[in-house]
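According to the UniProt record's numbering, the residues represented by the sequence shown are 48 to 740, in order.
Backbone N, C-alpha and C fix where the C-beta goes; we use that ideal spot for every residue, glycine too.
Since we're looking at a predicted model, the values are computed, not measured.
What follows is a short report on a single structure.
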Amino acid sequence: GDKRLEELNVEDTTCGYCAVGCRFDLYTDGEAVLAARPTDEEDAPVNGISTCVKGKFSYDFVNSDDRLTAPLVRDESGEFREATWDVALSRVAEGLGSIRDEHGGETLSVIASSKATNEDNYLMGKFARQVLGTNSVDNCNRLCHSSTVAGLAKTYGYGAASISTDDLELADCILLTGSNTTEAHPVLATRIKQNVRDGGDLIVFDPREIQIAEYATQYTQIKPGYDAVWINGITRYIINNDLYDEEFVQERTTGFEDVTETVQEFTSERVAEITGVRPEAIASAAETIAEANRCIFGWTLGLTEHSHGTENVMAMANLAAITGNLGTPGAGVSPFRGQNNVQGGGGDMGPLPDSFPGYQDIADDEVRAKFEDAWDCEISPEYGYYTTQMFLEADDDNVRGMYIIGENAALSEPGVNHAEEVLEDLDFLVVQDLFMTETAQYADVVLPACSFVEKTGTFTNTDRTVQKVNEVMEPKGKSRPDWQILQALANRMGREWDYDSAAEIMDEINSLTPLYGGVTHERVEAEGGLQWPCWDEDHPGTKRLYTEEFDTEDGMAHLHAVGYSEPAETPDDEYPFTLTTGRVLYQYHTGTMTHREEGIMQYNRSDFVEINPKTATEYGIENGDPVRIESRRGETTVPAQVTDRVGPENLFVPIHFAESAVNRLTDEDRLDPAASTPEFKVSAVRIAAVEDD
Ligand code: SF4
Numbered sequence: 048g049d050k051r052l053e054e055l056n057v058e059d060t061t062c063g064y065c066a067v068g069c070r071f072d073l074y075t076d077g078e079a080v081l082a083a084r085p086t087d088e089e090d091a092p093v094n095g096i097s098t099c100v101k102g103k104f105s106y107d108f109v110n111s112d113d114r115l116t117a118p119l120v121r122d123e124s125g126e127f128r129e130a131t132w133d134v135a136l137s138r139v140a141e142g143l144g145s146i147r148d149e150h151g152g153e154t155l156s157v158i159a160s161s162k163a164t165n166e167d168n169y170l171m172g173k174f175a176r177q178v179l180g181t182n183s184v185d186n187c188n189r190l191c192h193s194s195t196v197a198g199l200a201k202t203y204g205y206g207a208a209s210i211s212t213d214d215l216e217l218a219d220c221i222l223l224t225g226s227n228t229t230e231a232h233p234v235l236a237t238r239i240k241q242n243v244r245d246g247g248d249l250i251v252f253d254p255r256e257i258q259i260a261e262y263a264t265q266y267t268q269i270k271p272g273y274d275a276v277w278i279n280g281i282t283r284y285i286i287n288n289d290l291y292d293e294e295f296v297q298e299r300t301t302g303f304e305d306v307t308e309t310v311q312e313f314t315s316e317r318v319a320e321i322t323g324v325r326p327e328a329i330a331s332a333a334e335t336i337a338e339a340n341r342c343i344f345g346w347t348l349g350l351t352e353h354s355h356g357t358e359n360v361m362a363m364a365n366l367a368a369i370t371g372n373l374g375t376p377g378a379g380v381s382p383f384r385g386q387n388n389v390q391g392g393g394g395d396m397g398p399l400p401d402s403f404p405g406y407q408d409i410a411d412d413e414v415r416a417k418f419e420d421a422w423d424c425e426i427s428p429e430y431g432y433y434t435t436q437m438f439l440e441a442d443d444d445n446v447r448g449m450y451i452i453g454e455n456a457a458l459s460e461p462g463v464n465h466a467e468e469v470l471e472d473l474d475f476l477v478v479q480d481l482f483m484t485e486t487a488q489y490a491d492v493v494l495p496a497c498s499f500v501e502k503t504g505t506f507t508n509t510d511r512t513v514q515k516v517n518e519v520m521e522p523k524g525k526s527r528p529d530w531q532i533l534q535a536l537a538n539r540m541g542r543e544w545d546y547d548s549a550a551e552i553m554d555e556i557n558s559l560t561p562l563y564g565g566v567t568h569e570r571v572e573a574e575g576g577l578q579w580p581c582w583d584e585d586h587p588g589t590k591r592l593y594t595e596e597f598d599t600e601d602g603m604a605h606l607h608a609v610g611y612s613e614p615a616e617t618p619d620d621e622y623p624f625t626l627t628t629g630r631v632l633y634q635y636h637t638g639t640m641t642h643r644e645e646g647i648m649q650y651n652r653s654d655f656v657e658i659n660p661k662t663a664t665e666y667g668i669e670n671g672d673p674v675r676i677e678s679r680r681g682e683t684t685v686p687a688q689v690t691d692r693v694g695p696e697n698l699f700v701p702i703h704f705a706e707s708a709v710n711r712l713t714d715e716d717r718l719d720p721a722a723s724t725p726e727f728k729v730s731a732v733r734i735a736a737v738e739d740d
């Protein structure tokens, strides 16, 4: 009861699950988080008093018996033994240091963690470049929204949402695609549903008839892999019927003629032929968008996890621009980011092979000189490897050692049969995590990190709001915040880092990163969050991007014509179905946290494959029957969930379970040429019912 709550420790913090960025108070007795309750509303700009099931109940993992509480070092017989920090850090310094000295720093790779704080991630980038001497530092954004970042950066300048979350309730119309919003971003879904209740239009294009589709004023089922086709179809309709915003196009964009010309091939008939979308659906979506004064275009990985994800995003960016939906209240683009801090830690902080913090290009001599000076090291102007490339390059010994932080690559990479071989063959692997993950099993040394409730710092959410994360409980066992581990290691390897606090690290970040120029812990706390760009200490932060101009050299949005593209692997006689992977409400990524929640696991204990009733009947498969799914890369067996959520040619399997490891079926080789994002949303597969013995 609440009386007992009064006797507990309480601290406000920011959710460590998804990038909506809900804030709340956590109550602890020093050993476990016992309750989450709404915090003062002005301190919770995104969620007010609401949270989802994960934010409210998912804390058993923090005090789980499975937590790593001491460093582990592999001994001569190949077994892990507990070790002191001293011994473990020496072993890591030696393991990474000897590869660096013998083969060059560029043969080392770092995978940073978007679950960790901005301060942690800034140091991961600095550690890679300064201590190891490699630009091959990347993170999970490569597997999800890096095509969004590339596509939006090319068109508008910033690889981020242009809107504030509040705008979702101000729009007249929201177009959502490839976003299972109610399950992956529950609190955003609540706000979108509120908009619909208030009379707003909601248009959903998605291969699966997901729950948010029930609230839509128009739901259209699409074939996975052809997003640029139907988006261009809508753009063509709007242009050819003179429904576009001529003034905005004239004054604020370049490239309109090219786009107009290129979209002409996407007639309604052709779109219907390729995607199965009826001409009336294109016409009604186009008219609704054009009639709306304020429209928001929202998407997640259904648009981006393709071999042409960047083009999909640019097609969407064109549509938003020609309809003049940027820079005003209730209008804009909103890629809903996934992990709690993938916008900040995964992007803004620059643990990236091509950029320093604040998306400053490492190939730019002036920028590089600034960081070389600040970090007292030489930095190569050559881009390092993206995460997906690291695994491919390891085959040729271009990558020999890895430092993987808070990322379960052995389950999350595309084509994990290959990823497993790479992890097995590395000369040296250090994994830093809360748990003995599938990836940590391959490590030489495992370092115990602590969770977001045990440390202080900041996260940046999906609408660019930097928010405070507070230590609610002391680190479990000997686990430490990532930044402290990195500092100890840097000092072992010949550097002198002496940060006393995460706040001090933020002061270094803001001195080197114009976008975060005015961000300090003090202000973030006092002002209840700060949205970037925040140029200096007097700048109030930026609610909406592009109100006056775009972040390009001439200040204009640069529209890029996007032609026809198709998935790099399409179904054929041998592999007749399209497999799409995705998420469910109760789980989070590879389950390292949520699988340790008894309460959560009651709802969703295991895997499933969604299969259309027609297909199920054809193959003699009933609900719950095991189904074998095979691709050219591998196979897995999962129980059937017979449902008409998916079309007869499509299958859907969530990514959360090691038992099925659905990424055995996906492909490590099919990557977006601009962003290196894998094609998780389209794999050609075949299925068979599994006979009982
Ligand atoms: Fe946490 Fe996201 Fe749920 Fe909010 S919606 S409580 S940020 S998981």
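Item, Value
"How about the stretch 336–348 and the stretch 216–231: do they share at least three Cβ pairs that are nearer than 8 Å?", "yes"
"Within 10 Å of its beta-carbon, does residue 101 have 16 or more other beta-carbons around it, so buried, or fewer, so exposed?", "buried"
"Taking DSSP as the reference, what is the three-state secondary structure of residue 516?", "strand"
"Can you look up residue 712 in the DSSP assignment and give me helix, strand or coil?", "coil"
"Hey, could you find the ends of the alpha helix (DSSP H) residue 529 is sitting in?", "529–539"
"Using the Cβ count rule (16 or more neighbours within 10 Å means buried), how would you classify residue 246?", "exposed"
"Report the partner residues of residue 450 according to the DSSP bridge assignment.", "157 and 477"
"Does the beta-carbon of residue 468 have 16 or more other beta-carbons within 10 angstroms, so that it is buried, or is it exposed?", "exposed"
"Any heavy atom of ligand 1 closer than 6 Å to the CB of residue 296?", "no"
"Taking residue 190 as part of the alpha helix (DSSP H), name the residues at either end of that continuous run.", "Unbroken run through residue 190: none, as it is neither H nor E."
"Does the beta carbon of residue 781 fall short of 6 Å from some heavy atom of ligand 1?", "One cannot answer for residue 781 here, as it falls past the ends of the chain, which runs 48 to 740."
"Output the boundary residues of the alpha helix (DSSP H) element that contains residue 549.", "549–559"
"Between which two residues does the alpha helix (DSSP H) containing residue 413 stretch?", "412–422"
"Can residue 417 be considered in contact with ligand 1, in the sense that its beta carbon sits closer than 6 Å to one or more heavy atoms?", "no"
"Provide the residue span of the beta strand (DSSP E) that contains residue 730, from first to last.", "730–736"
"Could you give the first and the last residue of the continuous beta strand (DSSP E) run that contains residue 629?", "624–629"
"Check whether the stretch 706–716 and the stretch 454–465 are in contact - that is, three or more C-beta pairs closer than 8 Å.", "yes"
"What would DSSP say about residue 261, mapped onto helix, strand or coil?", "helix"
"Where does residue 273 fall in DSSP's three states?", "coil"
"For residue 112, count neighbouring Cβ atoms within 10 angstroms of its own Cβ and tell me buried if that reaches 16, exposed if not.", "exposed"
"In whole angstroms, what is the alpha-carbon distance linking residue 186 and residue 701?", "21 Å"
"Please report the straight-line C-alpha distance between residue 484 and residue 455, rounded to a whole angstrom.", "6 Å"
"In this structure, does DSSP put residue 482 in helix, strand or coil?", "coil"
"How many angstroms separate the CA atom of residue 654 from the CA atom of residue 704?", "6 Å"
"Based on the DSSP secondary-structure assignment, which residues constitute the bridge partners of residue 72?", "59 and 84"
"Kindly indicate which three-state DSSP category residue 132 falls into: helix, strand or coil?", "helix"
"Residue 342: beta carbon under 6 Å from a heavy atom of ligand 1?", "no"
"Could you spell out where the beta strand (DSSP E) holding residue 657 opens and where it closes?", "656–658"
"For ligand 1, is there a heavy atom less than 6 Å away from the beta-carbon of residue 64?", "yes"
"For a quick check, are the C-beta atoms of residue 728 and residue 353 less than 7 Å apart?", "yes"
"Does the distance from the C-beta atom of residue 46 to that of residue 447 stay below 7 Å?", "This structure does not reach residue 46, given that the chain is present from 48 up to 740, and the question cannot be answered."
"Compute the beta-carbon to beta-carbon distance between residue 508 and residue 93, rounded to the nearest angstrom, for a pair I have assumed lies under 8 Å.", "6 Å"
"By a C-beta neighbour count over all protein chains shown, 10 Å radius and 16 as the cutoff for buried, is residue 730 buried or exposed?", "buried"
"Would residue 237 pass as a contact of residue 97 if the rule is Cβ separation under 7 Å?", "yes"
"Which first and last residues belong to the alpha helix (DSSP H) in which residue 233 is found?", "233–244"
"To the nearest angstrom, how far is it from the Cα of residue 74 to the Cα of residue 83?", "6 Å"
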